[in-house]
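Let me begin by presenting the structure, written as C-alpha cells, before commenting on it.
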Amino acid sequence: MADLKKLAEELVNLTVKDVNELAEILKEEYGIEPAAAAVAVAGPAAGGEAAAAEEQTEFDVILKSAGGSKLAIVKLVKEMTGVGLKEAKELVDKAPAPLKEKVTKEEAEALKTQLTEAGAEVELK
Numbered sequence: 001m002a003d004l005k006k007l008a009e010e011l012v013n014l015t016v017k018d019v020n021e022l023a024e025i026l027k028e029e030y031g032i033e034p035a036a037a038a039v040a041v042a043g044p045a046a047g048g049e050a051a052a053a054e055e056q057t058e059f060d061v062i063l064k065s066a067g068g069s070k071l072a073i074v075k076l077v078k079e080m081t082g083v084g085l086k087e088a089k090e091l092v093d094k095a096p097a098p099l100k101e102k103v104t105k106e107e108a109e110a111l112k113t114q115l116t117e118a119g120a121e122v123e124l125k
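1 is the number of the first residue of the sequence shown in full-length UniProt numbering; add one for each residue after it.
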C-alpha cells in the first residue's frame with residue numbers, strides 16, 4: 001500500500017516533460033497508446049490542484065437567516081420545499097439550516113435569488 005501511495009505522489013508531481021516521456025515508454029515498451037492516460041496525468045500536473053478538482057454539479061441551499069421579513073421567508077420556504085407551513089416555520093426558525101440539498105447550480109441560484117430578494121441570507125455549498 002505504501003508503494004501505491006508513493007507512486008500516486010510521484011504521478012501528481014509529474015511535469016509535462018515527464019508525462020511525455022512516460023507516454024513514450026508506455027508506447028514502446030508495452031504497446032499501450034497512452035493518449036488518454038497522458039491527458040489524465042497531465043491535467044493535474046499542468047494546472048495544479050485547482051484544475052484537478054472537478055466542477056461542482058450539486059449544491060446545497062442553506063438558509064443562514066430569515067432577515068427582517070420572516071413571514072415572507074416562511075412562505076417562500078413552504079413553496080420551495082413543498083413542506084407544510086409548520087415545517088417551513090421550523091426550518092426558518094432553526095437557521096442556519098439546509099433548505100434543499102443536491103440540486104443543480106441553476107436551481108440553487110434561482111432559490112438563492114428568490115430568498116435574498118425577500119430579505120433572507122442564503123449560502124450555497
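Glycine residues also receive a C-beta, built at the ideal position from the N, C-alpha and C atoms.
With a beta-carbon spacing of about 14 Å, Glu123 and Ile73 fall beyond the 8 Å limit used to define contacts. In this structure, DSSP gives Lys102 an extended state, which the three-state scheme calls strand. By the C-beta density criterion, Leu76 is buried, having at least 16 other C-beta atoms within 10 angstroms. Positions of the alpha helix (DSSP H) runs, each at least 4 residues long and wholly inside the segment 78–102, are given as 85–93 in order along the chain. Distance from the CA atom of Glu106 to the CA atom of Val12, rounded to whole angstroms, is 33 Å.
Judged by DSSP in its simplified three-state form, Leu14 adopts coil rather than helix or strand.
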